[in-house]
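In the working numbering, the protein residues as written are 2 to 645. Think of the CB as a built atom: it goes at the ideal place given N, C-alpha and C, for glycine as much as any other residue. This one's a predicted model, so the numbers in the text were calculated from it and none came from an experiment. Only one structure is covered here, and it is reproduced in the block below.
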Amino acid sequence: MSQIEITLPDGSRQAVEAGTRPIDVARSISPRLADAALVAKLDGNLADLDQPIEKSASLEILTAKNSEALYVYRHSTAHLLAAAVLELYPETKLGIGPPIENGFYYDFDRPTAFTPEDLEKIEKKMWEIRNRHIPYERIFTRKEEGLKKYSEAWMKCELIAERAGEIFTEYTLGPAFIDFCRGPHLPDTSKIKAFKLLSIAGAYWKGDEHNKQLQRIYGTAFFTQKELEEYLNRLEEAKKRDHRKLGKELELFTVNEAVGSGLPLWLPKGATIRRLLEDYILEKERSTGYQHVYTPDLAKVDLYKRSGHWEHYKDDMFPPMDLETEQMVLRPMNCPHHILVYESRQRSYRDLPVRIAELGTMYRYERSGALSGLSRVRAMTLNDAHIFCRPDQIKEEFTKVMQLVEQVYKDLGITQYRYRLSLHDDVKKEKYVDNPEMWALGERVLREAMDSLGLPYVEAPGEAAFYGPKLDIQLADVMGHEETYSTIQVDFHLPSQFALEYIAADGKQHRPVMIHRAVVSTMERMIAYLIELYAGAFPVWLAPVQAIVLPITDRQTEYARGILNRLETAGIRASVDERNEKVNLKIRDAQLQKIPFMLVVGDREQENGKVAVRNRKHGDQGAKTPEEFLAGIRALIESKAVTE
RNA sequence: GCCACCGUAGCUCAGUUGGCAGAGCGGCAGUUUUGUAAACUGCGGGUCGGGGGUUCAAGUCCCUCCGGUGGCUCCA
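This is the structure:
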């Protein structure tokens, strides 16, 4: 037997015989480690604890303290789910069952649908199997043999045919369960301590809607019951911040069937927030060189044929209106209109960059199943702009947009976001305009701009716009779903479609480059995000009602109205609660409405010419003169404070 | 669009094996004049999402359409 050397995380080395298993090493260190061990990491790669080590390597024994072990743990729980389903419903065919961000899923093909009751049964069966304390056993199989073995399981066959090497691994769970799987897995089911099945959903085989739809069971698993409960509690808490729920409770917006799906109506308070946000971004743009325009929400369909929207985007547009002599469509994007604004006069290189901006309302025929509250709608207003510039100005313009994004996010209190470089997809070429040189150029320009700014990003093939690559800024909503908010796109395609030109220093015609950019995203999506970010308790500068005066009895009605008048004169959005109710109720209602400041006025305040200030987060702040209060609230508004 | 689930008063929700549609909150009227998160009494309020079917009888069972939710696909 040859000797090999194992390097442990603390740097120490052990000489062992080749073929020693990680679990043996763990035992030699301490029985407690061997007991806590879930999976090994060999030269940086996850491996089973009983996988023989054949050559010198670094070895780490992972326990429940390690987050990577949690993925393996959840993967093994997914196998446990599949084993339970097969015991209960043997006719079921297995798809794939990976660990995911907050849990795991497994896809099944079965003629009848799983019901919520089935989920309970399956969960019970999972515990039953778990309590057998059976090992996850690794088996090596030859490809041709495997194809025969899985001939009854069409999805596994496909996977083996596509992915398996000549010899592949499978994992058993008891005598009746075997699954084509790369692993690694936990040593045995006794290591699984806490899991829960959460939901049933449809999912297309291999994520392609042309394929068969499978039944996906989602679940989650944690190392301890306590962590599981904490996670479920967090989910419950998150639901309370859902913008759809708060939008109704705080009377921000409503959606009415009589108008149509995905067509929200902004109620006065929501409209106030939206208007504040619009005023804010318009001012930011005015001060950074943008020119604002108004253009119509519809146009002749021919305009979109020329831009390429019709060819690539038709299915996502509301169908054309047939008029007497022409066809009109609601615009799904604002770029063609802005291009025509650029074209409205001859442009010199001295004019560039030309930055044309608009809060442009657009209409997209989103598929019904995709609609959601304010975050996914069919009528939306984009904080849109198109920058027409010379190629050598791209980098500077890109940088300026990024600076604007950073400033806006800071003002809005947004701190959690990531950059995604959205590229075209070599596989689904038909989704994009066919011009490989342009794509290569656009993608290179974006990469260079990001790299020179030193900003981290992930590349996402298949996420580009049909006309070009883009840098997207991704935010996650309260349930953890990531969406694109800000976006910056370098476009060589549309300028060429519209034969855009400027006269350069050489007196000749040159083609400008277009940068499409949205900073605040759509008003709808951004406000949905802000509602959830602040759980409806908007920063004072954005709060639809900033202060409410609460007279204790009707003796103070006149005094309260006087206070209101001073607030309104000072530009504060305020109201008075004159209802014949106890102050406790008025406070409760104002709290539930998340109004930042409550100004209680009773006999004492009236006599002293003061107001008793109560803050929604910090409670009673004591009596102040109206001037003192105004000075304080003005400071919060001017600084766009996110805390008060 | 697809799969699953859901749709009862303005809101949140009960409603048993098919047998007289309910509660709390909100609204309205009155009483109460109130000090930092819910005063008291009374009164209205419903094509049980729409349509069709089964049945002596349908909120309840079946079909279909519409809408919502969770996913999938698509996407700002």
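According to DSSP, is A37 part of a helix, a strand, or is it coil?
helix
Once DSSP output is grouped into helix, strand and coil, what is the label at N581?
coil
Hey, L375 and G248 are a contact pair by Cβ (cut 8 Å); roughly how many whole angstroms apart?
7 Å
Where the beta strand (DSSP E) containing F399 begins and where it ends:
Element bounds for F399: not the beta strand (DSSP E) but the alpha helix (DSSP H), 395-413.
For R131, count neighbouring Cβ atoms within 10 angstroms of its own Cβ and tell me buried if that reaches 16, exposed if not.
buried
Beta-carbon separation of L187 and Y137 under 7 Å?
yes
What residue does the alpha helix (DSSP H) around D119 start on, and which one ends it?
117-131
How many whole angstroms separate the CB atoms of I7 and Q15, which I take to be in contact at a CB cut-off of 8 Å?
5 Å
Does the Cβ of G620 have 16 or more other Cβ atoms within 10 Å, making it buried, or fewer, making it exposed?
exposed
Under a three-way DSSP split, which group does K194 fall into?
coil
Could you spell out the range, first to last residue, of the beta strand (DSSP E) harbouring T173?
168-174
Complete alpha helix (DSSP H) runs within the region 251-297 (minimum length 4 residues, chain order):
269-287
Those residues which DSSP pairs with T382 across a bridge
T362
Based on the DSSP secondary-structure assignment, which residues constitute the bridge partners of P136?
D189
Keeping to the same chain, check which residues put their C-beta closer than 7 Å to that of Y350; ignore five residues upstream and five downstream.
R391, Y503, I504, A505, A506
Assigned secondary structure, P320 (DSSP; H/G/I helix, E/B strand, else coil)
coil
Any chance you could list the beta strand (DSSP E) runs of at least 3 consecutive residues sitting entirely within the region 4-48, in chain order?
4-8, 14-18, 40-43, 46-48
Under a Cβ-count criterion, where at least 16 other Cβ atoms within 10 Å of its own Cβ denotes burial, should G98 be classed as buried or exposed?
buried
Where L442 falls: helix, strand or coil (DSSP):
helix
If you draw a straight line from the alpha carbon of I123 to that of L637, how long is it in whole angstroms?
54 Å
Using DSSP with H/G/I as helix, E/B as strand and the rest coil, what is G203?
strand
Buried or exposed: I140, going by 16 or more other Cβ atoms within 10 Å of its Cβ?
exposed
I'd like the list of long-range same chain contacts for G203, defined as Cβ closer than 8 Å, with 5 residues on each side in sequence excluded.
Q214, L215, Q216, R217
Here's the rule I'm using: 16 or more other beta-carbon atoms within 10 Å means buried, otherwise exposed. How should R235 be labelled?
exposed
Compute the beta-carbon to beta-carbon distance between A380 and T362, rounded to the nearest angstrom, for a pair I have assumed lies under 8 Å.
7 Å
Neighbourhood of G623 by C-beta distance below 8 Å, restricted to the same chain and skipping five residues each side
A613, V614
Sort M334, L495, W155, P117 by Cα distance to Y364 and report the nearest one.
M334
Would you check if there are 3 or more beta carbon pairs closer than 8 Å linking the region 417-434 to the region 462-476?
yes
With burial defined as no fewer than 16 other Cβ atoms inside 10 Å of the residue's Cβ, what is the status of A371: buried or exposed?
exposed
Spatial distance of F105 from E484 (CA atoms)
21 Å
For A519, which residues does DSSP report across the bridge?
D385, T488
Ordered along the chain, which non-local residues of its own chain (more than five positions away) have a Cβ less than 6 Å from that of A84?
I130, L174, F178
In the structure shown, what three-state DSSP assignment does C390 receive?
strand
Looking at the ligand GDP, does it come within less than 6 Å of T116, judged from the CB to the closest heavy atom?
With respect to small molecules bound, the structure shown includes none, and the ligand GDP cannot be examined in it.
Please report the distance separating the alpha-carbon of S191 from that of L422.
43 Å
So, with DSSP's three-state summary, where would you put Q417?
coil
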